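Chemist: Got a structure here, written out as structure tokens. Questions coming.
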Amino acid sequence: MKMASVFGSEGRKEEYTQEFAVEQKQTIQTGIAGFDDALGQGLPVGNLYLVSGQLGSSASLFVQQILYNNIISKQKVAYYTSTVPSQDIIQDMKFSNMDIQKFVDDGTWVFGRAVPSDKVEIVNAMPENPLEQKIDLGDTLANLMNHLNETISDGRNTVIHLGDLIRSYPISEIQNTILYIESFARKYGGVHFIILTEDVHEKVDIMGIKDSADSVFEFTANIREETIENILTIQKVRDMAPRKRIIRLSQRKSGLSTETIRRIS
Numbered sequence: 001m002k003m004a005s006v007f008g009s010e011g012r013k014e015e016y017t018q019e020f021a022v023e024q025k026q027t028i029q030t031g032i033a034g035f036d037d038a039l040g041q042g043l044p045v046g047n048l049y050l051v052s053g054q055l056g057s058s059a060s061l062f063v064q065q066i067l068y069n070n071i072i073s074k075q076k077v078a079y080y081t082s083t084v085p086s087q088d089i090i091q092d093m094k095f096s097n098m099d100i101q102k103f104v105d106d107g108t109w110v111f112g113r114a115v116p117s118d119k120v121e122i123v124n125a126m127p128e129n130p131l132e133q134k135i136d137l138g139d140t141l142a143n144l145m146n147h148l149n150e151t152i153s154d155g156r157n158t159v160i161h162l163g164d165l166i167r168s169y170p171i172s173e174i175q176n177t178i179l180y181i182e183s184f185a186r187k188y189g190g191v192h193f194i195i196l197t198e199d200v201h202e203k204v205d206i207m208g209i210k211d212s213a214d215s216v217f218e219f220t221a222n223i224r225e226e227t228i229e230n231i232l233t234i235q236k237v238r239d240m241a242p243r244k245r246i247i248r249l250s251q252r253k254s255g256l257s258t259e260t261i262r263r264i265s
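When we follow the UniProt record's numbering, the leftmost residue of the sequence shown carries the number 1, and every step to the right adds one.
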């Protein structure tokens, strides 16, 4: 689907393509104990990272922990959700010792509520949150793309949960959305994430989405006594040859850490 409203014209899109052709080499630190050493360096900026995982894995926590490290390092964050209230995300992060409330209050961490047309009644039945920026999507994802363009150009690192969008829009439009976000990332920099739960979507759709993303991290999980052991497989990362392709991460109350790093809960 063509979403000309994002760029205004084909000429502008061609100019845009030329602008983000320069290679990005800068990296950011993840804040996950031992992870950057296992990877070989921090995460390259200017990338969109697809983080997928089965139900029960720590894919969301992985992204949240990286963004929390961003925010305490004086960066800005925009977190896009759909049917999950932002207050639930704040509480979940606080449980893992990541209290973002003061950053939400001062506007350095913002929430966007992207509402598909078939989810309007569900979202409207929830309590209103003045801290959320509501984005009515309508029949296409053009409004989301315009909002992301403004957000990323403002220097914010971003994350989007794809689940409700996949259920509400054609897979071709989801893939186009990924390509547009990648173009924003190339131009403005930063690190950007999309989160996907694999178990609840068709495998052919998941493979199509992974093919569109320039960086793909896959989580599987095993429960071991009081911890959740996550196996992170790095399928591809733009602008990087990872030192390790498989990294084991343990989840405790204090958050994620590589298995070679012992943390006090």
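Don't be surprised by glycine CBs; every beta carbon is placed ideally from N, CA and C. Just so we're clear, the structure is a prediction, and the values are computed from it rather than from any experiment.
1. Apart from the five residues on each side of it in sequence, which residues of its chain come closer than 7 Å, Cβ to Cβ, to G40?
2. Looking at the structure shown, is E173 part of a helix, part of a strand, or coil, going by DSSP?
3. Which of the three DSSP states, helix, strand or coil, is assigned to L148?
4. Tell me whether the segment 185-194 and the segment 38-52 touch, counting them as touching only if at least three CB pairs, one residue from each stretch, are closer than 8 Å.
5. Output needed for L137: all residues of its chain with C-beta closer than 7 Å, excluding positions within five of it in sequence on either side, in chain order.
6. Between the alpha carbons of K210 and L50, how many angstroms are there, rounded?
7. Would you report the Cα separation of D88 and Q64, rounded to the nearest angstrom?
8. Expressed to the nearest angstrom, what Euclidean distance is found between the alpha-carbon atoms of R252 and N69?
9. Would the beta-carbon of D37 be found less than 7 Å away from any heavy atom of the ligand ATP?
10. Per DSSP, I195 forms a beta bridge with which residues?
11. How far does the beta strand (DSSP E) with V84 in it reach, from first residue to last?
12. With which residues is K236 paired in a DSSP beta bridge?
13. Curious, which full-length beta strand (DSSP E) runs of at least 3 residues does the segment 62-139 contain?
14. Is L256 helix, strand or coil by DSSP?
15. For A33, which residues does DSSP report across the bridge?
16. Where does E202 fall in DSSP's three states?
17. Restricting to Cα atoms, I'd like to know which of G53, S73, S58 is closest to T30.
18. Assuming I100 and W109 are in contact, meaning their beta carbons sit under 8 Å apart, how far apart are those beta carbons, in whole angstroms?
19. How big is the Cα-Cα spacing for F217 and E173?
20. Measuring straight from C-alpha to C-alpha, what distance separates R238 and H161?
21. Whole angstroms are fine: how far does the CA of I152 sit from the CA of E259?
Modeler: So, from the listed chains and residues:
1. Indexing the sequence shown from 1 puts residue 40 at position 40. Excluding positions up to five away in sequence, the list reads P242, R243.
2. Residue numbering aside, residue 173 sits at position 173 when the sequence shown is read from its first letter. Helix at E173.
3. Taking the first residue of the sequence shown as 1, we reach residue 148 at position 148. L148 carries a helical assignment under DSSP once its states are collapsed to helix, strand and coil.
4. Yes, the segment 185-194 touches the segment 38-52.
5. For the purposes of this step, residue 137 is taken as the residue at position 137 of the sequence shown. Cβ neighbours of L137 within its own chain (closer than 7 Å, five residues either side excluded): A114, V115, P116, S117, N143, L144.
6. Here residue 210 is taken as the residue at index 210 of the sequence shown, counted from 1. Here residue 50 is taken as the residue at index 50 of the sequence shown, counted from 1. A straight-line Cα-Cα distance of about 7 Å links K210 and L50.
7. One-based indexing of the sequence shown puts residue 88 at position 88. One-based indexing of the sequence shown puts residue 64 at position 64. Answer to the nearest angstrom: the Cα atoms are 13 Å apart.
8. Counting from one through the sequence shown, the residue named residue 252 turns up at place 252. Counting from one through the sequence shown, the residue named residue 69 turns up at place 69. Cα to Cα, the separation comes out at about 17 Å.
9. In the structure shown, the ligand ATP is absent, as is every other ligand, since no ligand is present at all.
10. Here the question's residue 195 lines up with position 195 in the sequence shown. I195 pairs with V51, H161.
11. Within the sequence shown, numbered from 1, the residue matching residue 84 stands at position 84. That residue, V84, is in no beta strand (DSSP E); it is neither H nor E in DSSP.
12. Along the sequence shown, one-based indexing puts residue 236 at 236. BP columns for K236 point to V216.
13. For the segment 62-139, whole beta strand (DSSP E) runs of length 3 or above, ordered along the chain, are 76-81, 109-116, 132-138.
14. Within the sequence shown, numbered from 1, the residue matching residue 256 stands at position 256. Strand.
15. On the sequence shown, position 33 is the one that residue 33 refers to. Paired residues: S257.
16. On the sequence shown, position 202 is the one that residue 202 refers to. In this structure, E202 counts as coil in the three-state DSSP scheme.
17. In the sequence shown, counting from the first residue as 1, residue 30 sits at position 30. Closest option to T30, Cα to Cα, is S73.
18. Here residue 100 corresponds to residue number 100 of the sequence shown, with the count starting at 1. Here residue 109 corresponds to residue number 109 of the sequence shown, with the count starting at 1. Right, their Cβ atoms sit about 5 Å apart.
19. Here residue 217 corresponds to residue number 217 of the sequence shown, with the count starting at 1. Here residue 173 corresponds to residue number 173 of the sequence shown, with the count starting at 1. Rounded to whole angstroms, F217 to E173 spans 22 Å at the Cα level.
20. The residue labelled residue 238 in the question sits at position 238 within the sequence shown. The residue labelled residue 161 in the question sits at position 161 within the sequence shown. Their backbone Cα atoms lie some 21 Å apart in a straight line.
21. The count along the sequence shown starts at 1 and reaches residue 259 at position 259. The count along the sequence shown starts at 1 and reaches residue 152 at position 152. Near 33 Å, if we compare the C-alpha coordinates of I152 and E259.
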